[in-house]
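Heads up: the sequence shown begins at 236 in our numbering, then just goes up one per residue.
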Amino acid sequence: MKTVIDCTQIQTRAQLHDALQNALSLPDWYGRNLDALADCLGDIRGDTQLVLQHFGVLKDRLGFYAHTLEIVLRRACEDNDHLTVTYTELDT
Numbered sequence: 236m237k238t239v240i241d242c243t244q245i246q247t248r249a250q251l252h253d254a255l256q257n258a259l260s261l262p263d264w265y266g267r268n269l270d271a272l273a274d275c276l277g278d279i280r281g282d283t284q285l286v287l288q289h290f291g292v293l294k295d296r297l298g299f300y301a302h303t304l305e306i307v308l309r310r311a312c313e314d315n316d317h318l319t320v321t322y323t324e325l326d327t
C-alpha cells in the first residue's frame, strides 16, 4: 500500500496525527503522540510506503517535533521491513 500525506495541509501536531492515523489506518486507540506512533508502526504487517510530500514545509511549521518525527519514522523503517518512508520537497 502506498499512501501520501501532503504536508502543506498540516498546521498543527493534532492535524499531523490525524493525517497519520488516516493514511496508515492506525487503530482507534492510537495515542496521537510520537511514542504511540512508534508502537503502531511496529505493528504494520503489510508492505506500506508512506510518502510525506513537501516535508520541508512541515519542518518549518512544527520545528523540532518534525525532526523527532523523522527519527521515529527512520527507526520504525529499520525495525519493520514492511515499512518505507519517502520525503519530497516543493517543486522548483
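All C-beta atoms in this analysis are idealised placements derived from N, C-alpha and C, irrespective of residue type, glycine included.
For the 8 Å Cβ check, are there 3 or more pairs between the stretch 260-271 and the stretch 310-323? no
Taking the beta strand (DSSP E) that TYR322 falls in, what are its first and last residues? 318-322
Fully enclosed by the stretch 242-268, which alpha helix (DSSP H) runs are 4 residues long or longer? 248-259
According to DSSP, VAL286 sits in a beta bridge with which residue or residues? VAL239 and THR321
Assigned secondary structure, ARG280 (DSSP; H/G/I helix, E/B strand, else coil): coil
What's the C-alpha gap between CYS275 and PHE290? 21 Å
Measure the C-alpha to C-alpha separation of GLY277 and ALA311 and round it to an integer number of angstroms. 6 Å
Under a Cβ-count criterion, where at least 16 other Cβ atoms within 10 Å of its own Cβ denotes burial, should ALA301 be classed as buried or exposed? buried
6 Å CB neighbourhood of LEU251 in its chain, flanking five on each side removed: ILE245
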